[in-house]
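Numbering (the working numbering), first residue to last: 203 to 250.
Some notes on the structure that comes next.
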Amino acid sequence: MFSIFKSDPSKKLRKEYDAKLEQGMQAQRKGDIKSYAMLSAEAEKNLE
Numbered sequence: 203m204f205s206i207f208k209s210d211p212s213k214k215l216r217k218e219y220d221a222k223l224e225q226g227m228q229a230q231r232k233g234d235i236k237s238y239a240m241l242s243a244e245a246e247k248n249l250e
């Protein structure tokens, strides 16, 4: 009945995943490939 008020856990994970990828993209643009690789790996780990 009140399911519209419950947050969707998959939405939260997807939002965190997108944020990590965004941070990784910014690191890559700055030339910090090591941070890019770490952030991308962390994003993939959080998605699973």
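Ideal Cβ placement from N, Cα and C applies to all residues, glycine included.
Between residue i and the rest of its own chain, which residues show a CB-CB distance below 6 Å, the 5 nearest in sequence each way excluded?
{"i": "Leu249", "result": "Tyr219"}
{"i": "Lys222", "result": "Leu241, Glu244, Ala245"}
{"i": "Phe207", "result": "none"}
Would you say residue i lies against chain D (beta-carbon separation less than 7 Å)?
{"i": "Glu218", "result": "In the structure shown, chain D cannot be found, because there is only a single protein chain."}
For residue i, which residues in the same chain have their Cβ closer than 7 Å to its Cβ, ignoring the five residues on either side in sequence?
{"i": "Pro211", "result": "none"}
{"i": "Ser237", "result": "Ala229"}
Nearest CA to the CA of residue i: which residue from the options?
{"i": "Lys247", "options": "Arg216, Ile206, Lys208, Ser209", "result": "Arg216"}
For residue i, count neighbouring Cβ atoms within 10 angstroms of its own Cβ and tell me buried if that reaches 16, exposed if not.
{"i": "Gly226", "result": "buried"}
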